[in-house]
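Notes for the one structure printed next.
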Amino acid sequence: MVIREHISTDDAENSITEEENMAVWLLGIKTLRIQPYSLPPLGPYDVKIQIKAVGICGSDIHHFKNMRVANFVVKRPMVLGHECAGIVEQVGSQVKSLMIGDRVALEPGISCRQCHLCKDGRYNLCRQMKFFGSPPTNGALANQVVHPADLCFKLPDSVSLEEGAICEPLSVGVHACRRAKVGPETKIIIIGAEPIGLVTMLAARAFGSPKIVIVDIDDQCLSFAKDLGADEIIKVSSNDVEDEVGQICNAMGGPVDMSFDCVGFNKTMLMALQTTHPGGKVCLVGLGQSEMTLPLTSAAAREVDVIGIFRYRNTRPLCIELLRTGKIDVKPLITHRYRFTQDEVEEAFETSSRGGNAIKVMFRL
Numbered sequence: 001m002v003i004r005e006h007i008s009t010d011d012a013e014n015s016i017t018e019e020e021n022m023a024v025w026l027l028g029i030k031t032l033r034i035q036p037y038s039l040p041p042l043g044p045y046d047v048k049i050q051i052k053a054v055g056i057c058g059s060d061i062h063h064f065k066n067m068r069v070a071n072f073v074v075k076r077p078m079v080l081g082h083e084c085a086g087i088v089e090q091v092g093s094q095v096k097s098l099m100i101g102d103r104v105a106l107e108p109g110i111s112c113r114q115c116h117l118c119k120d121g122r123y124n125l126c127r128q129m130k131f132f133g134s135p136p137t138n139g140a141l142a143n144q145v146v147h148p149a150d151l152c153f154k155l156p157d158s159v160s161l162e163e164g165a166i167c168e169p170l171s172v173g174v175h176a177c178r179r180a181k182v183g184p185e186t187k188i189i190i191i192g193a194e195p196i197g198l199v200t201m202l203a204a205r206a207f208g209s210p211k212i213v214i215v216d217i218d219d220q221c222l223s224f225a226k227d228l229g230a231d232e233i234i235k236v237s238s239n240d241v242e243d244e245v246g247q248i249c250n251a252m253g254g255p256v257d258m259s260f261d262c263v264g265f266n267k268t269m270l271m272a273l274q275t276t277h278p279g280g281k282v283c284l285v286g287l288g289q290s291e292m293t294l295p296l297t298s299a300a301a302r303e304v305d306v307i308g309i310f311r312y313r314n315t316r317p318l319c320i321e322l323l324r325t326g327k328i329d330v331k332p333l334i335t336h337r338y339r340f341t342q343d344e345v346e347e348a349f350e351t352s353s354r355g356g357n358a359i360k361v362m363f364r365l
């Protein structure tokens with residue numbers, strides 16, 4: 001796939017002033033405006049970050065097109081963006097781990113730190129989570145944000161700020177592979193060849209999976225997945241699950257050990273359950289539908305474990321290390337780049353909405 005650099009030369013009309021913090025606000029369906037964004041005061045354990053790279057996520061597009069993702073509804077203007085990295089600009093009085101000028105990847109969710117889930121280390125399930133760009137919490141597609149220092153992870157010199165931003169979706173794949181216990185003996189299928197499916201594939205390979213088959217309905221996505229390292233790709237339709245299960249098993253050489261549904265629809269979960277061999281695992285990563293009707297009795301009779309995934313926890317250090325060592329390369333995922341101007345923000349979201357050859361759309365601030 002050709003990497004497209006979209007850098008506007010007409011910056012005079014759309015330029016952002018240095019004096020005022022600006023952000024991309026979602027004001028209504030497909031209505032975005034770059035407007036001032038007042039930051040909260042810097043707390044003793046906070047840092048102020050000059051944001052330098054922000055990726056567009058599928059959830060950003062759902063908000064952009066529908067003003068909601070599942071039960072998360074945008075009821076008032078909100079700043080978008082949560083895949084982000086930047087440079088430390090100011091540190092709170094009690095911050096010892098970071099210095100001005102440090103390059104950092106931000107983990108966008110702030111949990112309560114007090115409930116039993118947080119204390120047990122499962123903070124991604126905290127009911128009081130405040131997550132960038134998830135209503136009602138404002139996001140990070142802005143010149144600056146204030147964030148807890150312990151949720152900002154220093155990047156080594158060899159890892160770019162763009163790669164730091166992609167640590168966010170990569171964390172989903174790493175968390176899924178950890179939860180499912182992917183290892184050198186695990187042959188897997190991944191349903192869905194869009195960004196989350198692709199980072200899950202990269203993580204699974206880094207965890208040692210010897211064979212990965214990717215399934216999707218889109219030729220371009222499948223071609224990209226093959227170039228990125230999938231062993232086999234299979235194009236499916238929206239019709240005959242039984243026939244498609246046969247295709248998958250043939251490509252794998254038999255039933256699979258583990259299936260990752262990175263789409264999350266009734267048909268894809270049915271495919272995952274039927275493809276996975278007795279005693280195997282199905283990992284539900286994508287949350288496309290809020291309700292499904294599935295043959296769980298049959299799955300239970302074969303002792304197929306269904307594992308749920310919600311975001312991630314305690315993944316950033318490992319993600320950064322995988323990037324530093326070259327065990328994972330996320331740079332090919334970035335297919336489009338845009339600057340932080342009104343015209344280019346609008347074009348970037350339209351490009352990402354259309355899909356096609358746009359895998360990861362990245363803003364350079």
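If you're matching positions, the sequence shown starts at 1 in full-length UniProt numbering and goes up one per residue.
Where is the CB? At the ideal position from N, CA and C, for every residue including glycine.
Since this is a predicted model, take the numbers as computed values, not measurements.
Residue i: which of the options sits nearest, CA to CA?
i, options, result
"residue 160", "358, 308, 62, 84", "84"
"residue 175", "124, 135, 142, 215", "124"
"residue 112", "296, 128, 122", "128"
"residue 254", "177, 277, 130, 306", "277"
"residue 30", "256, 359, 349", "349"
"residue 246", "356, 275, 257, 336", "275"
"residue 307", "339, 269, 322, 220", "269"
"residue 261", "355, 284, 363, 194", "284"
"residue 251", "231, 342, 265", "231"
"residue 109", "212, 314, 86", "314"
"residue 335", "319, 302, 220", "220"
"residue 173", "191, 157, 158, 126", "191"
"residue 214", "185, 153, 244, 239", "244"
"residue 344", "327, 326, 324, 365", "365"
"residue 234", "143, 228, 217", "217"
Taking the continuous beta strand (DSSP E) assigned at residue i, which residues delimit it?
i, result
"residue 27", "22 to 28"
"residue 289", "Segment: none, residue 289 is in no beta strand (DSSP E) and carries neither H nor E."
"residue 144", "144 to 148"
"residue 232", "232 to 235"
In this structure, does DSSP put residue i in helix, strand or coil?
i, result
"residue 337", "strand"
"residue 177", "helix"
"residue 83", "strand"
"residue 8", "The pLDDT assigned to residue 8 is 38, lower than 50, so where the model puts this residue is not dependable, and the model offers no usable value."
"residue 226", "helix"
"residue 321", "helix"
"residue 298", "helix"
"residue 42", "coil"
"residue 36", "strand"
"residue 122", "coil"
"residue 78", "strand"
"residue 354", "helix"
"residue 331", "helix"
"residue 166", "helix"
"residue 137", "coil"
"residue 414", "Here the chain has residues from 1 to 365 only, and residue 414 is not among them."
"residue 217", "coil"
Where does residue i land, buried or exposed, given buried means 16+ other C-beta within 10 angstroms?
i, result
"residue 162", "buried"
"residue 102", "buried"
"residue 20", "exposed"
"residue 273", "buried"
"residue 222", "buried"
"residue 298", "exposed"
"residue 69", "buried"
"residue 22", "buried"
"residue 209", "buried"
"residue 116", "exposed"
"residue 360", "buried"
"residue 198", "buried"
"residue 293", "exposed"
What first and last residue would you give for the alpha helix (DSSP H) that runs through residue i?
i, result
"residue 100", "Per DSSP, residue 100 belongs to no alpha helix (DSSP H) and is neither H nor E."
"residue 279", "Not the alpha helix (DSSP H): residue 279 falls in the beta strand (DSSP E), residues 276 to 284."
"residue 195", "195 to 206"
- Meets three-Cβ-pair contact criterion under 8 Å: the stretch 73 to 80 and the stretch 21 to 28: yes
- Task: Please confirm if the stretch 199 to 213 is in contact with the stretch 180 to 187, defined as three or more CB-CB distances below 8 Å between the two stretches.
- Result: yes
- Query: Counting Cβ pairs, one atom from each stretch, are 3 or more of them under 8 Å apart for the stretch 38 to 45 and the stretch 326 to 340?
  - Reply: no
- Could you say if the stretch 56 to 76 and the stretch 86 to 99 meet the contact criterion of at least three C-beta pairs nearer than 8 Å? no
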